[in-house]
Amino acid sequence: MKRLVVCDDASHTTNCIFTTNIYSNGLNQHLQVESWGHDSIRIRLSPDAIIQTPYYQALLPEKPIVDAEVCQQPNRNTFINGNIKFTISNDSESWLIERESDRLILIKAQSTTFLPYDYPVSVYSPLYSLYILSLNYTHAQNGYLYGLGQHHYAHNLTLAYHNFHLPFVFSSTAPKNGDITIPWYIHTSGFGFLWNHPGYGSFDVQNDKEIIWTANAAHQLDIWITTIPKVKIISASFYPILMKNYVDVVGHPNPLPHFASGFWHSKNRYRTQKELLEVAKGYYDRKIPVSIIVIDYFHWSVFGDWKFNSTCWPDIPQMINELKSYGMRLMVSVWPHVAENSENLMIMNTTGLLTHDSKGNTLATTGPINNLSFYIPDQFNPATRQYIWNKIKTNYYAYDIKIYWLDADEPEHTRPGLQWWRDQHDDEIAMVWAREHQKTFWDGLREVKEEEIIMLTRQAWIEIVHK
Numbered sequence: 011m012k013r014l015v016v017c018d019d020a021s022h023t024t025n026c027i028f029t030t031n032i033y034s035n036g037l038n039q040h041l042q043v044e045s046w047g048h049d050s051i052r053i054r055l056s057p058d059a060i061i062q063t064p065y066y067q068a069l070l071p072e073k074p075i076v077d078a079e080v081c082q083q084p085n086r087n088t089f090i091n092g093n094i095k096f097t098i099s100n101d102s103e104s105w106l107i108e109r110e111s112d113r114l115i116l117i118k119a120q121s122t123t124f125l126p127y128d129y130p131v132s133v134y135s136p137l138y139s140l141y142i143l144s145l146n147y148t149h150a151q152n153g154y155l156y157g158l159g160q161h162h163y164a165h166n167l168t169l170a171y172h173n174f175h176l177p178f179v180f181s182s183t184a185p186k187n188g189d190i191t192i193p194w195y196i197h198t199s200g201f202g203f204l205w206n207h208p209g210y211g212s213f214d215v216q217n218d219k220e221i222i223w224t225a226n227a228a229h230q231l232d233i234w235i236t237t238i239p240k241v242k243i244i245s246a247s248f249y250p251i252l253m254k255n256y257v258d259v260v261g262h263p264n265p266l267p268h269f270a271s272g273f274w275h276s277k278n279r280y281r282t283q284k285e286l287l288e289v290a291k292g293y294y295d296r297k298i299p300v301s302i303i304v305i306d307y308f309h310w311s312v313f314g315d316w317k318f319n320s321t322c323w324p325d326i327p328q329m330i331n332e333l334k335s336y337g338m339r340l341m342v343s344v345w346p347h348v349a350e351n352s353e354n355l356m357i358m359n360t361t362g363l364l365t366h367d368s369k370g371n372t373l374a375t376t377g378p379i380n381n382l383s384f385y386i387p388d389q390f391n392p393a394t395r396q397y398i399w400n401k402i403k404t405n406y407y408a409y410d411i412k413i414y415w416l417d418a419d420e421p422e423h424t425r426p427g428l429q430w431w432r433d434q435h436d437d438e439i440a441m442v443w444a445r446e447h448q449k450t451f452w453d454g455l456r457e458v459k460e461e462e463i464i465m466l467t468r469q470a471w472i473e474i475v476h477k
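In terms of the numbering used here, the sequence shown opens at residue 11 and continues consecutively.
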């Protein structure tokens with residue numbers, strides 16, 4: 011049965027939801043299509059009875075509300091929100107997404123498959139069924155894709171289909187220095203597509219127009235599609251419209267604080283307080299204004315202590331006061347890794363704050379560094395985030411150091427396939443780790459009533475952390 015559920019309120023706005031039960035590939039599946047912002051829809055398809063809204067999703071929990079009159083169901087197979095139309099076939103085996111104004115088929119789904127996921131034997135019970143998910147669809151019109159993140163082979167950001175021959179494999183690009191996977195793209199025919207899955211998987215283009223997404227572990231298909239309004243024509247001006255629709259559903263970043271809009275200075279690397287202050291004074295004496303000066307890695311005592319090495323940095327208050335007299339603010343690098351000789355390792359290990367394996371044992375990184383074992387915090391655990399922030403607050407923030415360079419927060423040297431975070435396997439949630447790490451600092455700074463917050467980070471996942 012297919013139906014449209016309309017929940018109207020006094021402001022004459024509405025949430026529109028189209029639902030149906032279908033049988034495909036030997037599975038009973040539940041389909042839910044919703045208005046999700048202007049000229050946009052969210053599609054979720056699940057072999058389970060309940061549609062999930064997981065905490066790690068890219069979309070904000072509060073979806074933008076649309077005017078009631080733009081939401082329609084002209085027949086039992088069709089759902090319209092503004093200028094975007096979803097149609098499912100009578101046999102429920104295929105569906106397509108079309109733009110109303112010019113009847114252009116944006117996406118034609120060929121198949122969606124759910125295969126059994128071989129959940130690793132562990133002491134944890136999955137909260138719900140997981141599947142190996144694959145979505146295969148075509149674009150009706152030739153064009154270019156813009157997006158998909160930032161990668162070493164940067165030319166793929168704006169590559170024509172017929173040259174896009176390299177598989178886009180999340181498991182090798184997401185948790186890696188210099189590769190940031192953001193599974194969102196804009197097509198030059200005037201629409202945007204978001205793959206709302208943060209686990210390992212892949213993206214590939216075949217035969218110029220055929221797109222294949224896979225997720226190694228997912229409980230449902232979850233995608234979001236947006237297009238231009240009816241009054242617009244296809245031109246360069248549609249990009250800001252699509253990007254506004256996008257940030258409306260994933261979150262708007264805060265404006266850049268004025269203090270951060272000047273010249274930043276960094277080098278690899280300042281070894282001592284004396285060296286840093288000599289350079290800072292040199293800029294000041296030459297009347298070169300510096301907004302932020304950066305102390306990069308290895309200023310600490312031990313990985314995971316999250317504090318200055320007192321031998322090389324003997325008088326932090328004096329250093330901060332001198333930098334302030336030059337009109338400079340200080341940013342420090344923070345790495346998440348915890349070395350086996352860190353003063354914090356024992357308590358973090360015994361209280362379950364570190365990445366663990368399927369048996370609940372603490373899991374070391376891929377190999378020793380300088381003959382020391384390293385461990386990665388479980389940033390999905392709120393207790394971990396609070397513990398780390400308390401250290402940052404004591405050893406940095408207390409000295410009026412409020413700007414942080416979150417380096418190596420993929421996190422680097424992980425062990426894909428073996429890691430568990432807060433009782434969930436990394437196959438399902440790996441790319442969200444960086445966002446949860448950033449949340450440590452955002453929540454901490456908000457807790458102490460800071461308003462002008464800025465962080466530099468080497469990795470990212472979709473959705474603004476300040477929920």
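We put the beta carbon where it would ideally sit given N, CA and C, even for glycine.
Quick caveat, the model's predicted, so the values are computed rather than measured.
Residue pairing by DSSP places alanine 290 in no beta bridge whatsoever. Counted as a single uninterrupted DSSP element, the stretch harbouring aspartate 315 is not any alpha helix (DSSP H), since DSSP gives it neither H nor E. If only uninterrupted beta strand (DSSP E) runs of at least 3 residues are considered, those enclosed by the stretch 37–84 are 37–45, 50–56. One thing to note: phenylalanine 390 has its Cβ no nearer than 8 Å to the Cβ of histidine 423. According to the DSSP assignment, alanine 470 belongs to no alpha helix (DSSP H), since it is labelled neither H nor E. Secondary structure note for aspartate 258: its alpha helix (DSSP H) is the uninterrupted segment 248–260. With a contact defined as Cβ atoms closer than 8 Å, threonine 236 and aspartate 367 miss out at about 40 Å. In chain order, Leu106, Glu108, Ala150 place their CB closer than 7 Å to the CB of isoleucine 115, counting only its own chain and leaving out the 5 sequence neighbours on each side. DSSP, reduced to helix, strand and coil, places glutamine 230 outside both helices and strands of the structure shown, so it counts as coil.
Boundaries of the alpha helix (DSSP H) harbouring tyrosine 397: 392–405, taken from the DSSP string. In the three-state reduction of the DSSP assignment, alanine 408 falls in the helix class, which pools H, G and I.
Under DSSP, the beta-bridge partners assigned to proline 387 are Leu364. For serine 335, the secondary structure class from DSSP, reduced to helix, strand or coil, is helix.
Contact between the stretch 126–134 and the stretch 207–215 is absent, with fewer than three C-beta pairs closer than 8 Å. Aspartate 258 is positioned such that its CB atom lies closer than 8 Å to that of glycine 47. Contact between the stretch 315–322 and the stretch 400–409 is present: 3 or more CB-CB pairs across the two stretches fall below 8 Å. DSSP places glutamate 108 inside the beta strand (DSSP E), whose first and last residues are 105–109. Between leucine 340 and isoleucine 305, the C-beta gap is smaller than 8 Å, which places the two residues in contact.
Minimum Cα-Cα distance from tyrosine 33 among the listed residues Ile142, Leu155, Asn100 corresponds to Asn100. In the DSSP assignment, alanine 444 falls within the alpha helix (DSSP H) that extends over 443–457. Going by beta carbons, tyrosine 147 and lysine 118 fall inside the 8 Å limit. In this structure, glutamate 473 keeps its C-beta atom at 8 Å or more from the C-beta atom of valine 312.
Counting every other CB atom within 10 Å of its CB across the protein chains shown gives valine 344 a total of 16 or more, marking it as buried. Where isoleucine 115 is concerned, the enclosing beta strand (DSSP E) starts and stops at 115–126.
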